[in-house]
Amino acid sequence: MGEIPWYDLLFNLSFSFFGGLIKSVTSKKTKKCWSFFFASAIVGGFSGLLTFMLCSSFNLSWQMTSFATGVAGYMGDSILKIFSDFLPKILTKHFDIKITEIKEDKK
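Read in order, the letters of the sequence shown correspond to residues 25 to 131 in our numbering.
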């Protein structure tokens, strides 16, 4: 597996941060503060980073990778939920690793 050029990573992270900002700008929430925009950008950036790593591992084209990181940035926490549902199935199927959810008692 080769190294990822820093400019490729930076380019795609920019797309995902921008996607997070777009999501917050288009949000129907009436009261928006700077922390709301910042949090959306951070969640979008993290979602985009994970998507970038996934796309890189599949050797997708730079165009497809950029598209996916931008959309993942916009989707934010929704894509993280999809990843968290998808990953345990892959680990169980291919590596025989079983992940179980710990349920907390509600008091």
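Where is the CB? At the ideal position from N, CA and C, for every residue including glycine.
- Of the candidates G94, Y98 and E128, G94 places its Cα closest to the Cα of L33.
- Of the residues L37, F39 and F60, the one whose Cα lies closest to the Cα of S48 is F60.
- The three-state secondary structure of S38, taken from DSSP, is helix.
- In the DSSP assignment, K117 falls within the unbroken alpha helix (DSSP H) covering D101 to F119.
- If you draw a straight line from the Cα of F82 to the Cα of S90, it comes to about 14 Å.
- Taking C-beta separations shorter than 6 Å and ignoring five residues to either side along the sequence, the partners of P112 in its chain run I123, following chain order.
- Closest in alpha carbon position to I46, among T54, S108 and S64, is S64.
- In the three-state scheme derived from DSSP, where H, G and I count as helix and E and B as strand, S81 is classed as helix.
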